[in-house]
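Below is one structure; the comments refer to it alone.
Numbering (this note's numbering), first residue to last: 2 to 63.
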């Protein structure tokens, strides 16, 4: 039986400008990859492109 880890993060205005910083993305991926389920609060990306790109990067590591 495996363990499921659940987390919630408020990234404080997580949008395209924050996600364009490679250091920020690398750090978030390092943290998020520890969890099975993640809730991200305060996503501010009307187009949805920045968060989609971030999720693609995250999924490459898991």
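Think of the CB as a built atom: it goes at the ideal place given N, C-alpha and C, for glycine as much as any other residue.
Residue range of the unbroken alpha helix (DSSP H) whose run includes residue i
| i | result |
| --- | --- |
| residue 40 | From DSSP, residue 40 is part of no alpha helix (DSSP H) but of the beta strand (DSSP E) over 38 to 44. |
| residue 62 | 50 to 62 |
| residue 26 | 23 to 33 |
Limits of the beta strand (DSSP E) - the one that residue i falls within
| i | result |
| --- | --- |
| residue 9 | 7 to 15 |
Integer-rounded CB distance, given that residue j should sit under 8 Å from residue i
| i | j | result |
| --- | --- | --- |
| residue 16 | residue 45 | 4 Å |
Exposure of residue i, with buried meaning 16 or more beta-carbon neighbours within 10 Å
| i | result |
| --- | --- |
| residue 8 | exposed |
| residue 29 | buried |
| residue 20 | buried |
Inter-residue Cα distance where the pair is residue i and residue j
| i | j | result |
| --- | --- | --- |
| residue 23 | residue 37 | 23 Å |
| residue 27 | residue 5 | 23 Å |
| residue 2 | residue 31 | 24 Å |
Check whether residue i and residue j have beta carbons under 7 Å apart
| i | j | result |
| --- | --- | --- |
| residue 62 | residue 34 | yes |
| residue 11 | residue 59 | no |
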